[in-house]
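For reference, the structure discussed in these notes is given below.
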Amino acid sequence: MQNIQQTIERNLFRINNLIAEYEQTYQRPSGSVRLLAASKAQSIKKIRCAFNAGQTLFGENYVQEAIKKMLALNDLPIEWHFIGRIQRNKTKKIAEHFSWVHSVATTDIAERLNAQRPIDHPPLNICIEVNISHEETKAGIAINHVLELADVCLRLPQLKLRGLMAIPAPFVDFAQNRREFHKLQVIQNVLRDHGIEIDTLSIGMSHDFEAAIAEGATIVRIGTAIFGARRE
Ligand SMILES: *Cc1c(COP(=O)(O)O)cnc(C)c1O
46 MQNIQQTIER
56 NLFRINNLIA
66 EYEQTYQRPS
76 GSVRLLAASK
86 AQSIKKIRCA
96 FNAGQTLFGE
106 NYVQEAIKKM
116 LALNDLPIEW
126 HFIGRIQRNK
136 TKKIAEHFSW
146 VHSVATTDIA
156 ERLNAQRPID
166 HPPLNICIEV
176 NISHEETKAG
186 IAINHVLELA
196 DVCLRLPQLK
206 LRGLMAIPAP
216 FVDFAQNRRE
226 FHKLQVIQNV
236 LRDHGIEIDT
246 LSIGMSHDFE
256 AAIAEGATIV
266 RIGTAIFGAR
276 RE
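First residue of the sequence shown? That's 46 in the numbering used here, and the numbers climb one at a time after it.
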């Protein structure tokens with residue numbers, strides 16, 4: 046097997062080059078798309094390798110697993126993002142340990158994160174997760190309730206509303222992927238019409254980040270294309 050450090054370095058190099066290429070192709074400003082390494086079920090060692098290769102943003106889905114990793118990697122200035130489903134009894138730990146939460150989908154969770162964010166921490170950056178493909182099983186708030194939740198979040202001083210996140214149904218078709226992602230730009234425009242400015246669209250994973258960048262992604266969340274198949 047090839048050295049893990051080299052493999053991860055090569056993968057990151059390739060993905061960062063693709064991101065730069067897609068920014069050009071789709072007339073996005075150079076450097077407008079940030080790469081978040083989705084490291085759930087990936088080892089502490091692999092995260093350290095990715096950091097050594099220049100990656101600083103990491104996303105985790107499970108609170109216990111994430112806190113274990115944070116402790117083991119606390120010598121590194123990593124920016125930790127929570128991207129998983131939020132269980133109500135885990136909001137305190139999330140509010141204490143993360144810089145960003147991408148998966149806020151209810152008023153209740155927003156209010157808990159706000160109340161539990163330590164006052165000596167900067168406001169917690171949040172994205173509202175939107176169920177753009179109307180899937181019953183999917184997390185996220187329905188499109189027609191986003192404005193309401195955005196209004197609530199704006200009034201919570203320990204939260205900073207940054208944008209929208211979505212995980213669309215997995216289509217194989219590029220054009221269909223783009224149509225799904227495009228819904229977030231439509232919502233962003235509705236928010237703007239109501240005086241709400243956001244700067245983040247958190248969309249795109251290993252298999253669909255080109256379509257996401259074409260539709261305005263500012264953060265792509267990529268796991269397996271960096272680290273390989275998930276293990277733990
Ligand atoms: C796991 C995960 C990703 C990354 O998925 P890959 O297909 O491995 O790139 C992105 N976003 C969320 C919310 C995830 O849970």
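The beta-carbon is built from N, C-alpha and C at its ideal position, and this holds for glycine as well. On a predicted model such as this, the values are computed, not experimentally measured, just so you know.
Margin query: Is alanine 111 near ligand 1 - that is, is its Cβ less than 7 Å away from at least one heavy atom of it?
Written below: As a working note, residue 111 is residue 66 in the sequence shown. No - ligand 1 has no heavy atom lying nearer than 7 Å to the Cβ of alanine 111.
Notebook entry, point to check: Would the C-beta of histidine 252 count as close to ligand 1, meaning under 7 Å from any of its heavy atoms?
Noted result: Numbered from its first residue, the sequence shown carries residue 252 at position 207. Yes; taking the cut-off as 7 Å, the Cβ of histidine 252 has a heavy atom of ligand 1 nearer than that.
Next item on the list: Examine ligand 1 and report whether any of its heavy atoms sits within less than 7 Å of the Cβ of lysine 91.
Entry: As a position in the sequence shown, residue 91 is number 46, starting the count at 1. It does not: the Cβ of lysine 91 is nowhere closer than 7 Å to a heavy atom of ligand 1.
Notebook entry, point to check: At which residues does the alpha helix (DSSP H) containing asparagine 97 begin and terminate?
Noted result: Indexing the sequence shown from 1 puts residue 97 at position 52. 89–97 is the span of the alpha helix (DSSP H), which, as asked, contains asparagine 97.
Margin query: Classify valine 146: buried if its beta carbon has 16 or more other beta carbons within 10 angstroms, exposed otherwise.
Written below: On the sequence shown, position 101 is the one that residue 146 refers to. With 16 or more other Cβ atoms from the protein chains shown falling within 10 Å of its own Cβ, valine 146 counts as buried.
Item checked: Test item: CB-CB of alanine 211 and leucine 229 under 8 Å -> Your numbering for residue 211 matches position 166 in the sequence shown. Your numbering for residue 229 matches position 184 in the sequence shown. Note that the C-beta distance between alanine 211 and leucine 229 is below 8 Å.
Next item on the list: For chain C, find out if any of its Cβ atoms is closer than 8 Å to the Cβ of alanine 256; answer yes or no.
Entry: No chain C appears in this structure, which consists of one protein chain only.
Checklist line | Contact test: glycine 208 Cβ vs ligand 1 heavy atom, cutoff 7 Å | finding: Locating residue 208 in the sequence shown gives position 163, counting from the first residue. Flag unset: Cβ of glycine 208 not near ligand 1.
Note to self: Tell me the DSSP secondary structure of alanine 150 in three-state form.
What the structure shows: Sequence index remark: in the sequence shown, residue 150 carries index 105 (1-based). Correct three-state label for alanine 150: coil.
Item checked: Reduced DSSP category for alanine 82 - H, G, I as helix; E, B as strand; rest coil -> Mapped onto the sequence shown, residue 82 falls at position 37. Alanine 82 sits in a strand when the DSSP states are folded into three classes.
Checklist line | Nearest-angstrom Cα separation, counted from histidine 190 out to isoleucine 171 | finding: For the purposes of this step, residue 171 is identified with residue 126 of the sequence shown, where counting begins at 1. For the purposes of this step, residue 190 is identified with residue 145 of the sequence shown, where counting begins at 1. If I take the Cα positions, the gap works out to 16 Å.
Notebook entry, point to check: Using 8 Å as the Cβ pair cut-off and three pairs as the minimum, do the region 217–225 and the region 115–134 touch?
Noted result: By the Cβ test, the region 217–225 is not in contact with the region 115–134, since fewer than three Cβ pairs between them sit closer than 8 Å.
Notebook entry, point to check: Mind checking glutamine 87: buried by the 16 CB within 10 Å criterion, or exposed?
Noted result: Taking the first residue of the sequence shown as 1, we reach residue 87 at position 42. In this structure glutamine 87 is buried. Its beta-carbon is surrounded by 16 or more other beta-carbon atoms within 10 angstroms.
Checklist line | beta strand (DSSP E) segment containing glutamate 110, residue limits | finding: Position 65 of the sequence shown, counting from 1, holds the residue named residue 110. Per DSSP, glutamate 110 is not a residue of any beta strand (DSSP E); the alpha helix (DSSP H) it occupies stretches across 108–117.
Item checked: Distance cut-off 7 Å: alanine 83 Cβ against heavy atoms of ligand 1 -> Counted from its first residue, the sequence shown places residue 83 at position 38. Correct: alanine 83 has its Cβ closer than 7 Å to ligand 1.
Check: So the beta strand (DSSP E) asparagine 170 belongs to, where does it begin and stop?
Finding: Numbered from its first residue, the sequence shown carries residue 170 at position 125. In the DSSP annotation of this structure, the continuous segment of the beta strand (DSSP E) that includes asparagine 170 starts and ends at 169–174.
Notebook entry, point to check: Grouping DSSP H, G and I as helix and E and B as strand, with all else coil, what is threonine 52?
Noted result: Working through the sequence shown from its first residue, we reach residue 52 at position 7. It is helical.
Checklist line | Reduced DSSP category for lysine 205 - H, G, I as helix; E, B as strand; rest coil | finding: For the purposes of this step, residue 205 is taken as the residue at position 160 of the sequence shown. Three-state result, lysine 205: strand.
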